[in-house]
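Sequence lines, in order, name chains B and Y. Position in the first sequence (from 1) plus 73 gives the number in my numbering. Position in the second sequence (from 1) plus 1115 gives the number in my numbering. Structure, as structure tokens:
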Amino acid sequence: MIDEKTVIKKAAEGDRDAFGELVAVYAKRLYGFLYAILQDEHDCLDIVQETFFKAYKNIFTFDTNRSFVTWLFTIAKNNAFNYLKSRNRNDLGYESLDNIESKAEGPEEKILKKEETKRLADAISRLPEKYKAIIYLKYISNLSYREIGKRLNIKESLVESRIYTARQKIASFLKEGV
Amino acid sequence: MECIEARKYISLYIDGEIDDEKRRELLEHMKTCSECASSYDSMKSMDSSIKDIFCDKKLPEGFEEKIMNNLPERKESTVFHKLRNKAKPAMLIPVLTITAVLIILWMSSPSILNFFNKKVPDRGTGGTMADLAAMIRLNDVDYLASDDVVADERIIGGQIGKITKSIADEHSNTKITNGSATILPVGTTVYSINDMNDAIAVKYNGKWEVYKKRGTDKLRFLFNDDYANAEKIIISYNNDGKESKREIADRNTITAVVKYLKSVRPEDQAIQYSNQNTCSFYFYIKDGSGIGKIVPSIMIVYNDPKLGGYISYDHYYKVTPEVLKLFVPGTANTGYDVSMGGAFQIYDAYLSPKFLIRRFVKDENGPKAQVKVIKKDEKIWSDGKLINDTLSGNYKLMVLMRGTTIQNKAAEKIKSDYKKIPGAVSISISKGETDDTTVIYIGFDKIPNYKFDEFGESIMILMNGSN
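What follows is the structure in structure tokens.
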């Protein structure tokens, strides 16, 4: 991909191929992310599809000065949590994924591990945007501190301290959840 | 290496961003410090768990094509071509600001707001990790940096302490003890200020800064007779990092300014210009012994002096173009783009005397609302239809609200009330990218009669107060 901003602008003007580029870059990653939360391949594929559908319909509302990956994953997360809500009749709200029973079956340890993953995904999604964007760029886009700094137009030292703070925050969210 | 430092380097080490020397130091440190070693273990395990979450998962064969085939169709109509060929984008320029203001005015009227399902933004719970303001702790008292100015060095008293510990921004889960400062470097001398018990002074980057005891830093100041008798007003301008100063010593002008400042009341409403210009001023007021007092530095924010602006202290006060001209001689800048900035801030001001902007808030997750003019030649698709075609009016305005849902009844009410927005000829309300995002489009035939030189393509407007 040459320049994401340009691709997004083209997509917003109705260029399907440009949107296709975004799908090619993010679909697999999105699928992995959703799978960590939902643990069900079929449901996840539905939500990947729904996420791109909504993103396509609304891409012109996206502000290109912000992080696309954060925007896209926020849509995915909302879809996933809405899905979980509707699956569990009693409204759990997206902040407590702890009580949601995993559909998957298996040894106890495996289930425990899955619960942990869900909690972690939840904790990341609760991060304030400035930290979330950095975590996403680091882990989803696999960028170095320098590249993240360039992308967000901030100093490398700030990237450094934000990643550190983001990790502290995630840890404290996880602690609260216990 | 100390533990505080080590914790920071652990993060760098995990990300492979550490240099060789620091890595050796860190590894040495962890050999002897079990706490840091266990901190490394848990951070490392979190890192690999996060990697697990964000790893690619192989999609079934042909799934990406399925996604693409499932997208709504977009058909370009002939009407659109006609519009596009006629379009003169530059003509659109003034519409944005005025309509945005009108819409906000309209949306924020209590009767309409009641229909919005307001959500309190999730601010997370940072615990001890909240970003710290510039502060000093000395003798068990916390002092926060203030905007006050040391107008006369003779007011500085004796040395009362030194900063012994400096806590870098965002590493604030460090324990604050006496002698700690968040921004100031270790070794900075702290001075008392004559005749002031609640404030201390430090010299930072060659300039005096006043720190005030926590709780006293936001006391409303009043323009009393001292101000009217001020010797002069000193104004500083900051152009691309270069500071310049100007003084007003004319008695009549000083009296007029104080009279004006006394007459204005703080506003509940605010706006911030992103292409803003600022300058600040303070009154040079002598005490009984002829020494200049510690005085507040007052900021003026404006876009175009011809339109007025506001001054900000702990509240916002509207400044008329006439008063602003005293402080800001010269011509207007170009560019008009209104944007709210800064997490958690509430800006209160008037954009103009006529149009009131109510209180809007931005939370940490970004602006809650966005307003954008849709230019004639700009293709905007929604639900597979061109907005340009589905809504009447030559110009369209998009109002995007995040975290806001509009119930059906409310939507009906808005649809029947939209004509209260001067010039509005059509409206559509739909859901945005998430279920709690609402997009409203409003069509206008004419550009309202309100002039600004130029502005950017979008306005961010902060929606719905947090409480």
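Think of the CB as a built atom: it goes at the ideal place given N, C-alpha and C, for glycine as much as any other residue.
_Could you compute how far the alpha carbon of Asn155(B) sits from the alpha carbon of Gln241(B)?_
Within the first sequence, the letter at position 82 stands for residue 155(B). Within the first sequence, the letter at position 168 stands for residue 241(B). Computed Cα separation, rounded: 28 Å.
*Hey, Val80(B) and Leu95(B) are a contact pair by Cβ (cut 8 Å); roughly how many whole angstroms apart?*
One-based indexing of the first sequence puts residue 80(B) at position 7. One-based indexing of the first sequence puts residue 95(B) at position 22. 6 Å between Cβ atoms; contact.
*Check whether Leu157(B) and Ala196(B) have beta carbons under 7 Å apart*: Along the first sequence, one-based indexing puts residue 157(B) at 84. Along the first sequence, one-based indexing puts residue 196(B) at 123. No, they are not a contact pair.
*Given a cut-off of 7 Å, decide if Ser1543(Y) and Gly1508(Y) are closer than it, judged by their beta-carbon atoms.*
Start at 1 with the first residue of the second sequence, and residue 1508(Y) comes out as number 393. Start at 1 with the first residue of the second sequence, and residue 1543(Y) comes out as number 428. The answer is no: Cβ separation not under 7 Å.
*Do we get a CB-CB distance below 7 Å when we pair Asp1135(Y) with the residues of chain B?*
For this step, residue 1135(Y) is matched to residue 20 along the second sequence. Chain B, which has no Cβ nearer than 7 Å to the Cβ of Asp1135(Y), makes this no.
*Give a yes or no on whether the C-beta atoms belonging to Ala85(B) and Ile148(B) are separated by under 7 Å.*
Here residue 85(B) corresponds to residue number 12 of the first sequence, with the count starting at 1. Here residue 148(B) corresponds to residue number 75 of the first sequence, with the count starting at 1. Cβ atoms of Ala85(B) and Ile148(B): not closer than 7 Å.
*Could you tell me the boundaries of the beta strand (DSSP E) in which Ala1314(Y) lies?*
Here residue 1314(Y) is taken as the residue at index 199 of the second sequence, counted from 1. Start and end: 1311-1319.
_Extent of the continuous alpha helix (DSSP H) to which Glu1180(Y) belongs_ = The residue given as residue 1180(Y) occupies position 65 in the second sequence. Where Glu1180(Y) is concerned, the enclosing alpha helix (DSSP H) stretches over 1178-1185.
*Residue range of the beta strand (DSSP E) that includes Pro1411(Y)*: Within the second sequence, residue 1411(Y) is the residue found at index 296, counting from 1. 1409-1411 is the extent of the beta strand (DSSP E) around Pro1411(Y).
*In chain Y, what lies closer than 8 Å to Glu189(B) by C-beta?*
If you number the first sequence from 1, residue 189(B) lands on position 116. Chain Y residues near Glu189(B): Ser1164.
*Please look up how many angstroms separate the CB atoms of Lys1327(Y) and Asp1341(Y), rounded, as I've assumed it's under 8 Å.*
Position 212 of the second sequence, counting from 1, holds the residue named residue 1327(Y). Position 226 of the second sequence, counting from 1, holds the residue named residue 1341(Y). About 18 Å; that fails the 8 Å criterion.
_Chain-ordered chain B contacts of Met1158(Y) [CB-CB under 9 Å]_ = Residue 1158(Y) sits at position 43 when you count from the first residue of the second sequence. Simply Arg240, Ala244.
*So Ile1415(Y) and Cys1394(Y) are in contact, right, with Cβ under 8 Å, and what is the actual spacing, rounded?*
Stepping through the second sequence from its first residue, residue 1415(Y) is reached at position 300. Stepping through the second sequence from its first residue, residue 1394(Y) is reached at position 279. Contact holds; Cβ gap of about 5 Å.
*Let me know the secondary structure DSSP gives Asn1392(Y) once reduced to three states.*
Sequence index remark: in the second sequence, residue 1392(Y) carries index 277 (1-based). Reduced to three states, the DSSP call for Asn1392(Y) is strand.
*Would you kindly report the start and end of the unbroken beta strand (DSSP E) that includes Glu1324(Y)?*
As a first step, residue 1324(Y) is located in the second sequence; it is residue number 209 there, counting from the start. Glu1324(Y) -> beta strand (DSSP E) spans 1322-1328.
*Return the residues of the segment 1167-1181 of chain Y that lie within a Cβ-Cβ distance of less than 8 Å from chain B, sorted by chain order.*
Asp1167, Ile1168, Phe1169, Cys1170, Asp1171, Lys1172, Lys1173, Leu1174, Pro1175, Phe1178, Glu1179, Lys1181
*Buried or exposed: which applies to Arg1122(Y), given that a residue is buried once 16 or more other Cβ atoms fall within 10 Å of its Cβ?*
Stepping through the second sequence from its first residue, residue 1122(Y) is reached at position 7. Flag for Arg1122(Y) reads buried.
*Would you check if there are 3 or more beta carbon pairs closer than 8 Å linking the segment 190-207 of chain B to the segment 99-119 of chain B?*
yes
*Tell me, please, whether the CB atom of Phe66(B) is closer than 7 Å to any CB atom in chain Y?*
The question about residue 66(B) has no answer, for chain B in this structure spans 74 to 251.
*Find the residues of chain Y that neighbour Leu193(B), judging by a C-beta separation of less than 9 Å, and give them in chain order.*
Locating residue 193(B) in the first sequence gives position 120, where the first residue counts as 1. Met1161, Ser1164, Ile1165, Asp1167, Ile1168, listed in chain order.
*With respect to the alpha helix (DSSP H) encompassing Ile32(B), which residues constitute its N-terminal and C-terminal limits?*
Outside the shown range of chain B (74 to 251) lies residue 32(B), about which nothing can therefore be said.
*Count the CB pairs spanning the segment 1135-1152 of chain Y and the segment 227-235 of chain B that are closer than 8 Å, and state whether there are at least three.*
no
*Could you please give the first and the last residue of the uninterrupted alpha helix (DSSP H) stretch that includes Gly93(B)?*
By 1-based counting over the first sequence, the position of residue 93(B) is 20. Here the alpha helix (DSSP H) through Gly93(B) covers 89-111.
*Does the distance from the CB of Gly1302(Y) to the CB of Lys1280(Y) come in under 7 Å?*
Within the second sequence, the letter at position 187 stands for residue 1302(Y). Within the second sequence, the letter at position 165 stands for residue 1280(Y). Going by C-beta atoms, Gly1302(Y) is not nearer than 7 Å to Lys1280(Y).
*Proximity below 7 Å, CB of Ile1426(Y) to CB of Tyr1417(Y)*: In the second sequence, counting from the first residue as 1, residue 1426(Y) sits at position 311. In the second sequence, counting from the first residue as 1, residue 1417(Y) sits at position 302. Not a contact, by the Cβ cut-off of 7 Å.
*asked:* With a threshold of 7 Å between beta carbons, is Thr1505(Y) in contact with chain B?
replied: Here residue 1505(Y) corresponds to residue number 390 of the second sequence, with the count starting at 1. So no, Thr1505(Y) is outside the interface.
*Positions along the segment 149-163 of chain B whose CB lies within less than 7 Å of some CB in chain Y*: Asn151, Asn155
*From Ile207(B), Asp76(B), Gly93(B), Glu114(B), pick the residue whose C-alpha is nearest to that of Ile1165(Y); which is it?*
Within the second sequence, residue 1165(Y) is the residue found at index 50, counting from 1. For Ile1165(Y), the nearest C-alpha among the options comes from Ile207(B).
*List, in order along the chain, the chain Y residues whose C-beta lies closer than 9 Å to that of Ala128(B)?*
Reading the first sequence from its first residue, position 55 is the one you call residue 128(B). Neighbours of Ala128(B) on chain Y, chain order: Glu1548.
*What does Glu233(B) reach in chain Y if we use C-beta pairs closer than 8 Å?*
The residue you call residue 233(B) lines up with position 160 of the first sequence. Here the neighbours are Lys1123, Ser1126, Leu1127, Glu1132.
*7 Å Cβ cutoff met for Glu1179(Y) and Ala153(B)*: Against the second sequence, residue 1179(Y) aligns to sequence position 64. Against the first sequence, residue 153(B) aligns to sequence position 80. Not a contact, by the Cβ cut-off of 7 Å.
*Assign Asn226(B) to buried or exposed, taking buried as 16 or more other Cβ atoms, counted over all protein chains shown, within 10 Å of its Cβ.*
In the first sequence, counting from the first residue as 1, residue 226(B) sits at position 153. Asn226(B) should be labelled exposed.
*asked:* Is it buried or exposed, Val121(B), if we count other Cβ atoms within 10 angstroms and call 16 or more buried?
replied: Here residue 121(B) refers to the residue found at position 48 of the first sequence. It counts as buried.
*Verify the CB distance criterion: does Asn226(B) have a CB-CB separation below 7 Å to chain Y?*
For the purposes of this step, residue 226(B) is identified with residue 153 of the first sequence, where counting begins at 1. No - not a single Cβ of chain Y is within 7 Å of the one on Asn226(B).
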